[in-house]
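Chemist: Note that our numbering gives residue 479 to position 216 of the sequence shown, counting from 1, and the numbers run on in steps of one.
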Amino acid sequence: MTTKNSAGMPEEDKHSEVSLLRRFLREPLLHFLVLAAGLFVAQVIIGGDEREVIVVDAEAQKYLFSQEEDLRLRPLNESDKQRIVDTFIEEEILVREAKARGFTDSSRVRALLLQNMRFFIGSDIPEPTEDDLRAHFEANLDAFTSPPSLDLNHVMFSDPDTVPDGILDSLNQAEDPSTLGDLDTQLGYRLRFLDQRRLVGLFGTEPANDLLSVSADDRDWRGPYVSPTGSIHFLRVINRNPPRTPTYELAQDWISTHWLSAKSDELLDTALDDVRQNYLVVVEPVDGGPND
Numbered sequence: 264m265t266t267k268n269s270a271g272m273p274e275e276d277k278h279s280e281v282s283l284l285r286r287f288l289r290e291p292l293l294h295f296l297v298l299a300a301g302l303f304v305a306q307v308i309i310g311g312d313e314r315e316v317i318v319v320d321a322e323a324q325k326y327l328f329s330q331e332e333d334l335r336l337r338p339l340n341e342s343d344k345q346r347i348v349d350t351f352i353e354e355e356i357l358v359r360e361a362k363a364r365g366f367t368d369s370s371r372v373r374a375l376l377l378q379n380m381r382f383f384i385g386s387d388i389p390e391p392t393e394d395d396l397r398a399h400f401e402a403n404l405d406a407f408t409s410p411p412s413l414d415l416n417h418v419m420f421s422d423p424d425t426v427p428d429g430i431l432d433s434l435n436q437a438e439d440p441s442t443l444g445d446l447d448t449q450l451g452y453r454l455r456f457l458d459q460r461r462l463v464g465l466f467g468t469e470p471a472n473d474l475l476s477v478s479a480d481d482r483d484w485r486g487p488y489v490s491p492t493g494s495i496h497f498l499r500v501i502n503r504n505p506p507r508t509p510t511y512e513l514a515q516d517w518i519s520t521h522w523l524s525a526k527s528d529e530l531l532d533t534a535l536d537d538v539r540q541n542y543l544v545v546v547e548p549v550d551g552g553p554n555d
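1. Please report how far the alpha carbon of I317 lies from the alpha carbon of L454, in whole angstroms.
2. How is the alpha helix (DSSP H) around S412 delimited, first residue to last?
3. Quick one: what does DSSP say I347 is sitting in, helix, strand or coil?
4. Mind listing, in chain order, the continuous beta strand (DSSP E) runs of no fewer than 3 residues lying wholly within the stretch 428-516?
5. Hey, would you say S441 sits closer than 8 Å to R507, going by beta carbons?
6. Going along the chain, which residues of its own chain have a beta-carbon closer than 8 Å to the beta-carbon of L462, five neighbours each way excluded?
7. Per DSSP, E315 forms a beta bridge with which residues?
8. Candidates Y488, S494, R460: which alpha carbon is nearest L336's?
9. Is there contact here, the stretch 480-496 with the stretch 423-430, by at least three beta-carbon pairs under 8 Å?
10. Can you tell me the Cα-Cα spacing of F287 and N340, whole angstroms?
11. Quick check: what's the CA-CA separation for L396 versus T350?
12. Would F419 pass as a contact of D439 if the rule is Cβ separation under 8 Å?
13. Three Cβ pairs or more, each shorter than 8 Å: is that satisfied between the stretch 531-548 and the stretch 313-329?
14. Suppose the cutoff is 7 Å on Cβ atoms and the five residues either side in sequence are ignored; what does the same chain contact list for L415 look like?
15. To the nearest angstrom, how far is the alpha carbon of S433 from that of Q449?
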């Protein structure tokens with residue numbers, strides 16, 4: 264006897280239809296058609312959007328992330344990556360707004376366009392009072408505290424072929440090691456207050472890591488470190504400087520500049536909120552990026 268369900272359909276017919284439906288849903292052609300339909304709808308939506316498009320492509324994100332990781336000497340977290348992407352978008356909006364306001368003819372370089380736009384937006388900020396500056400200093404002590412840094416002795420050889428054999432032993436034993444290298448008019452023999460970012464900027468990621476890992480009682484020369492220009496550098500850590508927070512009196516000029524920058528950023532955020540609606544921002548997904 265054939266059983267029927269509540270709709271009057273035989274059970275075997277019902278199971279047959281379910282089986283056919285499952286096979287249909289697994290068909291690659293169906294998946295392709297659904298995807299194509301979705302892309303078509305998205306194209307129609309975006310195509311009808313007359314806003315200017317800003318695309319943050321995956322390769323640009325990878326490049327920016329890699330640069331920042333080299334400076335920080337650590338992997339970036341998702342918050343770091345999102346901040347980098349947001350900054351890129353804000354700068355791109357500012358550049359385009361600067362061009363729209365006529366800065367293009369006199370300032371073709373991106374950095375100058377950004378500078379002009381920031382000056383244009385922040386030009387109406389009033390002078391801070393003494394109370395403004397003191398309150399700003401107390402509220403932002405971390406910003407005025409210098410990071411830990413190193414003092415170094417530095418010897419350079421412009422030509423790698425002129426580096427003497429056994430140079431590290433000679434440097435460690437010399438009464439005046441500065442006479443063993445070439446005259447370096449840019450950096451000199453003694454380098455002071457080099458924090459992590461400056462170390463990376465001057466000598467690269469691996470030398471910076473190596474120097475920062477030197478123990479407190481180690482006074483040996485280290486190297487060779489090869490610069491991007493091909494010169495050879497030898498370095499010795501002679502002092503470690505802990506973080507330092509200056510007094511208000513010593514930092515007053517710096518505080519005034521920092522206050523002005525903070526106020527300018529506030530106006531900039533407001534201006535960006537006003538013009539951001541004129542742009543359609545597309546951020547491509549990237550492995551390890553903020554959209555994963």
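Glycine is no exception: its CB is placed at the ideal position from the N, C-alpha and C atoms.
Modeler: Once the coordinates are examined:
1. Taking the Cα positions, I317 is about 43 Å away from L454.
2. Not the alpha helix (DSSP H): S412 falls in the beta strand (DSSP E), residues 412-420.
3. Helix at I347.
4. Taking only runs of at least 3 residues, the beta strand (DSSP E) segments lying wholly in the stretch 428-516 are 453-457, 485-489, 495-504.
5. In this structure, R507 does not lie closer than 8 Å to S441 by Cβ.
6. Result list for L462: L413, P470, A471, L474, L475, in chain order.
7. Bridge partners of E315: Y542.
8. The residue among Y488, S494, R460 with its C-alpha nearest the C-alpha of L336 is R460.
9. The stretch 480-496 is in contact with the stretch 423-430.
10. Unreliable positioning characterises F287 in this predicted model, as indicated by a pLDDT of 42, which lies under 50. The coordinate reading is nonetheless provided below. The alpha-carbon atoms of F287 and N340 are separated by roughly 42 Å.
11. Using only the alpha carbons, I get a separation of about 27 Å.
12. Note that residue 419 is Met in the sequence shown here, rather than Phe. Contact flag unset, no.
13. Taking a cut-off of 8 Å on C-beta distances, the stretch 531-548 touches the stretch 313-329, as three or more cross pairs fall below it.
14. Cβ within range, chain order: L454, L457, L498, R499, V500, I501.
15. Straight-line Cα distance between these residues: approximately 24 Å.
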